[in-house]
Amino acid sequence: MNTYGAFLLCNLLSAVFADVLDQYTKTEGAWIISLTKKEYSLTSVPDCASKCDTETAFTCRSFIYIDKDQECFTIRENSKTETVMRRMSTVLYEKKEYLIECKNGIGSDYRGTKHKTKTGKLCQRWASSYPHKPNITPETHPKADLEANFCRNPDGDGTGPWCYTTDVTTRWEHCSIQDCSEECMHCSGEDYRGKISKTESGFTCQRWDSQKPHTHGYLPQVLPEKYLEENFCRNPDGEPRPWCFTTSPTKRWDFCAVPRCSTEPPMIPEELTCATGDGSAYRGNVAVTESGKKCQIWASQLPHKHSRTPENYPCKGLTMNYCRNPDNERMPWCYTTDSNTRWEYCKVPTCGDEPGPNEAPPPVDCYEDNGESYRGVTSETISGKKCQVWTSMVPHKHAKTPKNFPKADLRRNLCRNPDGDRAPWCYTTEPTVRWEYCKVEKCQINLDPEVTPDPTPTTGKDPSPPDSKDCKVGSGATYRGSTSMTALGVTCQAWSAMTPHQHSSFTPRTHPDKGLESNQCRNPDGDVNGPWCYTTDPSKKWDYCQIPDCSGLECGQPKEKPRRCFGRIVGGCESKPHSWPWQVSLRTSTHLHFCGATLIKPQWVLTAAHCMERSTRPGAYKVYLGIHKEAATEPSKQIRDLDKIILGPTGTDIALLKLDRPAIINDMVLPACLPEKDYIVPSGTECYVTGWGETQGTGGEGILKETGFPVIENKVCNRPAYLSGRVKEHEMCAGNIEGGTDSCQGDSGGPLVCYTKNTFILQGVTSWGLGCANPMKPGVYARVSKFVDWIDEKIKTNS
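If you read the sequence shown in this note's numbering, its first letter stands for residue 12, the second for the next number, and so on.
This is the structure:
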């Protein structure tokens with residue numbers, strides 16, 4: 012066969028395989044324990060799918076494939092009927108037809124799990140003869156999927172799926188199954204996945220992955236659990252109903268006219284005495300706020316007018332004046348009967364021994380042994396995915412909750428190891444990837460503090476030259492080092508060998524460009540956990556290798572890892588010395604600190620324009636770098652004069668400062684990274700502010716302080732109750748809605764950095780706010796991504 016023919020055949024096979032797998036939903040790292048399964052040794056996922064499609068021993072609803080082991084398991088159950096477990100290097104494929112909970116036409120092909128009739132009667136099992144002896148059974152209709160007691164339509168009933176009931180007075184009854192073509196929503200439309208893309212005022216919706224004409228922080232790639240597809244109406248932020256940004260420059264966003272479904276909404280288990288997570292399931296009777304104020308009745312508009320009514324939020328239990336969380340707040344709350352206090356959080360008991368949100372993490376962000384004792388603040392996986400909150404069941408349902416593991420410190424979405432795995436991990440916010448290990452380094456233990464370990468021990472050969480370190484970049488796909496031993500010390504099997512383990516997926520022949528010539532650790536399949544190998548241990552087919560990262564001095568990657576304290580500047584959270592090495596102290600010519608700033612290039616600093624109001628003369632200022640104390644007594648201190656002051660475009664609060672000579676870049680002085688042009692930080696992203704500003708008598712004066720808090724989307728921040736339309740497109744909000752955490756006077760011009768992919772990115776410049784740490788008045792920052800072109804152009808023309 013010629014090359015072109017082979018190319019056509021390859022494309023044809025790829026299309027066929029794609030069609031086969033289009034019938035399935037894929038979830039990495041997932042496993043179902045099943046008593047009804049069959050095992051096959053197969054070399055590809057499509058082959059496994061074919062086995063599932065042709066399975067005769069039972070109805071195959073899903074299959075599991077393990078690539079490195081070339082094992083295929085066909086399974087009768089799926090995630091609708093069984094608990095999904097966490098398992099490394101497995102991929103769960105579920106047939107979509109068995110996951111859909113709506114019907115097409117009369118529902119002859121309905122394969123969902125509804126098992127109650129339209130009047131609420133429980134269905135009888137199809138294989139049972141009590142209380143009703145059925146005419147239709149699994150034996151008489153083997154292709155109708157009459158397992159368990161799920162609603163089905165085996166006889167083509169024109170009204171749709173039905174079942175025999177467990178009520179002795181009612182032999183059978185139809186089930187209330189929503190039509191798949193019906194455009195409707197349950198509750199407030201949080202789970203609406205329809206295709207309406209026009210607003211109730213007739214505006215066409217803007218695509219969620221577009222930033223034109225309106226920039227926003229609802230990014231599909233960062234919020235995969237919100238299903239922000241194309242330009243379809245959605246409700247990602249707790250509004251009363253689905254909405255979208257519009258394609259009209261004069262109308263930023265608008266609600267969509269999505270009707271309510273006629274079928275019953277999904278039931279949630281109510282929490283009557285305590286709350287887990289954000290308390291959205293709490294249905295108890297607490298009706299007093301944390302400060303002791305009585306709650307306003309939700310159906311009332313006095314003394315506070317609002318839209319959080321039982322009509323707008325029908326599934327949120329807004330009865331009487333009980334504390335609830337209808338709109339994704341941090342915990343249950345209520346409007347108060349005090350006309351001077353619009354709303355407050357409530358003191359609802361927490362289920363289990365969940366740690367408080369303001370407990371400070373330990374100073375070292377690394378783990379010992381297998382990481383069960385890890386209490387750091389990393390919340391990203393090894394491949395850069397955001398961790399799912401432990402108390403959340405979206406997108407992945409699980410049992411690793413603070414209530415079930417009270418001693419595991421399962422707070423927020425921080426990486427932990429509650430079940431004794433080999434390292435800290437978390438569930439991810441991506442629906443297709445159930446979990447991953449986290450990007451947390453193992454602590455380097457030196458038993459003798461007087462002895463520095465030799466990084467290149469003698470082995471009888473000349474040591475490797477310094478430029479050929481045995482380390483990996485990222486997941487190690489390009490790693491070509493000499494390590495040929497697993498992390499547990501087992502020698503690797505040669506990639507071309509078939510003993511002790513037979514395999515055909517990864518050989519020098521199948522992957523000629525992956526460095527599989529010998530038995531060195533490699534990563535031919537792009538495994539996010541790094542290089543691995545087949546082992547010479549007959550009882551262990553393969554395992555990962557311990558390959559260090561090739562990390563050096565790069566922007567946004569301090570050698571001294573920050574505490575990333577979830578405390579506050581106004582409140583007393585001191586930073587670790589030199590853990591924010593881009594922090595600059597902007598001073599008068601008499602060396603008096605008055606503003607913060609950020610080093611972005613060796614000779615360039617970014618600050619707020621209003622910090623330059625006292626003078627536009629460079630000689631009026633000094634710049635201090637490499638300090639932790641405001642007194643600047645450290646030997647690492649670097650002092651620079653200003654060469655130029657460049658104010659930002661009219662109406663913006665940003666300024667670029669050129670130093671008289673470049674700063675010396677070292678462990679104590681390092682630039683922060685600039686963001687991508689026009690990048691909008693997603694709502695809820697945890698970011699950090701640092702400074703020597705006003706602490707309002709809470710202690711720590713004169714020491715660099717830090718605080719961590721979430722970004723608030725401009726759409727939310729501009730609500731009348733918050734900053735009422737004051738925040739402009741080139742600005743961003745961040746802070747805790749309840750107050751108590753904020754930047755303050757003296758922090759102006761300083762950095763707001765956000766952590767992503769092991770790097771701190773400068774996303775904001777501290778600009779303004781209505782007071783310091785006041786409730787419902789978050790801080791406002793110049794959005795640096797809107798000025799990237801301006802920064803580049805000014806640096807280029809003034810170098």
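Idealized CB from N, CA, C, for every residue including glycine.
Just so you know, these numbers come straight off a predicted model, no measurement behind them.
A straight-line Cα-Cα distance of about 11 Å links R672 and S810.
Looking at the DSSP output, L636 bridges to Q649. With a cutoff of 7 Å on beta-carbon distance, C454 and C377 are scored as near each other. Rounded to the nearest whole angstrom, the CA to CA distance from T130 to F161 is 15 Å.
About 7 Å separates the Cβ atoms of H514 and Q81, confirming a contact at the 8 Å cut-off. In the structure shown, M496 adopts extended strand secondary structure according to DSSP, grouped into three states.
Under the 8 Å Cβ criterion, the stretch 302 to 310 does not count as touching the stretch 221 to 237, having fewer than three qualifying pairs. For F266, the three-state secondary structure derived from DSSP is strand. Here the alpha carbons of D120 and A268 stand approximately 30 Å from one another.
In the structure shown, the three-state DSSP call for I806 is helix. Relative to T65, the option among A642, K206, K49 and P337 whose CA is nearest is K49. The stretch 657 to 669 makes contact with the stretch 612 to 623: 3 or more CB pairs, one atom from each, lie closer than 8 Å. Each of E452, T440, D538 and V451 was checked against the Cα of G487, and the nearest Cα belongs to D538.
Listed in chain order, the non-local C-beta contacts of Q594 below 6 Å within the same chain comprise T701, local neighbours out to five positions each way being set aside. The three-state reading of DSSP puts L32 in helix, counting H, G and I together.
DSSP places K397 within a strand segment (E or B) once states are collapsed to three. The stretch 492 to 501 makes contact with the stretch 516 to 532: 3 or more CB pairs, one atom from each, lie closer than 8 Å. Here the C-alpha atom of T181 lies approximately 11 Å from the C-alpha atom of L133.
Judged by pairs of C-beta atoms under 8 Å, the stretch 437 to 455 touches the stretch 37 to 45, as three or more such pairs exist. Taking 7 Å as the cut-off, the Cβ atoms of D265 and S199 do not count as close. In the structure shown, the three-state DSSP call for A666 is strand.
Here the alpha carbon of V680 sits roughly 25 Å from the alpha carbon of K797.
C-alpha of Y346 to C-alpha of C174: approximately 45 Å in a straight line.
Minimum Cα-Cα distance from V795 among the listed residues Y76, G637 and I691 corresponds to I691. In this structure, DSSP gives C622 a helical state, which the three-state scheme calls helix. Rounded to whole angstroms, the gap between the alpha carbons of V799 and P519 is 45 Å. The three-state reading of DSSP puts P721 in strand, counting E and B together. Annotated as proximal: Q774 and P686, with beta-carbon spacing under 7 Å.
If you ignore the 5 residues before and after T348, its C-beta comes within less than 6 Å of the C-beta of K305 and Q307, all in its own chain and listed in chain order. Contact check for T777 against C584 fails: the beta carbons are separated by 7 Å or more. By the neighbour-count definition (other C-beta atoms within 10 Å, threshold 16), C566 is a buried residue. Take K107, set aside five residues on each side of it, and the residues of its chain with a beta-carbon closer than 7 Å to its own are Q34, Y35 and T36, in chain order.
E391 is the residue among D420, P142 and E391 whose C-alpha sits nearest the C-alpha of E452.
For K316, the three-state secondary structure derived from DSSP is coil.
About 4 Å separates the beta carbon of Q217 from that of F256, a gap short enough to meet the 8 Å contact definition. Bounds of the alpha helix (DSSP H) holding K62 are V56 to D64.
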